[in-house]
Amino acid sequence: MKSIVYSYIILLFVASLFIQPPLAAQSPVCYTSNVMTQYWQKHPKLEANFNKENQTRIHSFTTLGTWAEKTNVASYIIPVVVHIMHNNGPENIKDEQIFSQIEVLNEDFGRYGQGYNTHVDGADSRIRFCLASKDPQGNSTNGISRELYLQTDSFNLDMDIEMKRQSIWDSKRYLNIWIVNNIDSSPTGSHILAYSYYPSGSAGQPHDGVVIRYDYFGREGVLADPNLNGWATTHEVGHYLNLFHIWGDGGCSQDDEVEDTPKCDGPYFSPYPNCPKPTQCDQVRMIENYMDYSADKCMNLLTKGQVLRMHEAIFNYRSTLVSAENIAFTGCDKVDTNTNISITKAIDLYPNPVQNRIIVNLNQPGVQVLSIAIYNLLGQSVIFLEKRNPNTGPFTLDLQTLNEGMYIFRVSVDEELLNQKIRINR
Ligand SMILES: [Zn+2]
């Protein structure tokens, strides 16, 4: 009998080696799905809404068949405030560490720099991030708010909400990111780095935003590991824009509601530098996707399907955040060299005001992609055009379909961006 029991235990142990993905107890993990579960236990109606919204309009929007038509989707700038909740310890990180994270976000979401990839399903999300230069009262700021805060050891939802209540900037206008000393890992047995909230039921609310440990934020400064590349924030902002983990927080039968990310089996940590890609659910796992748990330097990918899902989330939940009115309110229409959003000298637009046709003059040779997105003051994209390998010199853009009024012209020349207000007068 005893040997049968032992055999059984050994069998179970051996089986567990195959069933359990290689996620060590202290592997870094994100706490978003747990936080959402706790939050929904308190607010079951919001969970019902979330499930309903997720299964209907959002999923139907993200079919790949629509990608070609939707490549003319808008570009978005998201104003950011970083709250450093510190007790004069190492968590009181320098400004440079924060600037490095904003650079990372722009590169990862823009598919350039460290976010560059050649994956057939990879895409520039056209979402960019800007440290606010105006606070909610209209005062000048560098987008960083340092606040004395005594970090308690144990994480719970009440603590989360109380910390944010004291410090948040209007979450309809800013992506709030809180840097903390520690997030207690004892409830999970894992090493929790960060968490966020999905936008349904939380967008614009007093708890909306991202919480992250100081030593996983940015790619230079005080970091837990020299190979960190700012992945955790990219991943959490993905959740903030309604992306799920690529394993859909389940096994092979669970989906992340994005068509071009292969199904996979539970959490998995792909270590650097080899970045192994296991086959799961009959497909090669997309370990290079930011919504997986791989080592930072193994990751460089957002897919077209994920981009569509994030754009849909912005459209449904976060349109105020990216509106032209808010970009001006938060000072993100100004030059900010720390965000890779700069007013380019590569292009001129004239005249302003304009009647029916505007001249676009490209001064810089060798440009690969020139795109122009025109927004009305509600933040809606009204005209979009893209030219590949454009010639230098002027060309004309017809504006006769637009009504009189003020518009924001967002012109990108490869990686440089120009935001300009242009008035149409007739
Ligand atoms: Zn996550």
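Residue 619 is where the sequence shown starts when you use the numbering used here, and the numbers rise one by one after that.
We put the CB at the ideal spot given by N, CA and C, even for glycine.
Residue i versus residue j: straight-line alpha-carbon distance, rounded
i, j, result
"G819", "I965", "41 Å"
"N956", "R837", "Confidence at N956 is low in this model, with a pLDDT of 37, below 50, so the placement of that residue should be treated as unreliable; the coordinate-derived value is given next. The alpha-carbon atoms of N956 and R837 are separated by roughly 14 Å."
"L664", "T1014", "49 Å"
"D954", "C748", "For D954, the pLDDT reaches just 44, beneath the cut-off of 50, and the residue's location in the model is therefore unreliable, leaving the point undetermined."
"S871", "K881", "8 Å"
"Q898", "K670", "29 Å"
"S989", "R1028", "8 Å"
"Y834", "S651", "19 Å"
"N735", "T759", "34 Å"
"E943", "P697", "12 Å"
"I575", "Q1018", "Coverage of the chain is limited to positions 619 through 1044, which leaves residue 575 absent and any answer about it impossible."
Beta bridge counterpart(s) of residue i as assigned by DSSP
i, result
"C882", "Its beta-bridge partners do not exist; DSSP assigns none."
"V925", "Answer is none; V925 lacks a bridge partner."
"T1014", "I977"
"S808", "Looking at the DSSP assignment, S808 forms no beta bridge with any residue, so it has no partner."
"V798", "R831"
"M781", "M781 is not bridged to any residue."
"C648", "A812"
"C748", "P697"
Rounded distance between the beta-carbons of residue j and residue i, thought under 8 Å
i, j, result
"Y858", "V828", "6 Å"
"Y767", "H704", "6 Å"
"I992", "V1000", "5 Å"
"V647", "H825", "About 20 Å separates the two Cβ atoms, so there is no contact after all."
"A812", "I830", "4 Å"
"I716", "I762", "6 Å"
"I795", "H863", "About 20 Å; that fails the 8 Å criterion."
Contact test: residue i Cβ vs ligand 1 heavy atom, cutoff 7 Å
i, result
"T852", "no"
"C870", "no"
"T655", "no"
"H863", "yes"
"T759", "no"
"C648", "yes"
"H857", "yes"
Proximity test, residue i beta-carbon vs ligand 2 heavy atom, cut-off 7 Å
i, result
"G856", "Here the bound small molecules are ligand 1; ligand 2 is not part of this structure."
Are the region 917–935 and the region 1006–1021 touching by the rule of at least three beta carbon pairs closer than 8 Å?
Here the region 917–935 makes no contact with the region 1006–1021; the two share fewer than three CB pairs at distances below 8 Å.
Flag this pair as touching only if the region 717–724 and the region 842–852 have three or more C-beta atom pairs under 8 Å; answer yes or no.
Per the Cβ contact rule, the region 717–724 is in contact with the region 842–852 (3 or more Cβ pairs under 8 Å).
Can we say the region 705–713 touches the region 794–811, given the rule of at least three CB pairs closer than 8 Å?
With a cut-off of 8 Å, the region 794–811 and the region 705–713 count as touching, because enough Cβ pairs lie within range.
Three or more C-beta pairs below 8 Å linking the region 748–757 and the region 942–952:
At 8 Å Cβ cutoff, the stretches touch.
Would you call the region 887–897 and the region 914–924 touching, i.e. three or more CB-CB distances under 8 Å?
Short answer: they touch.
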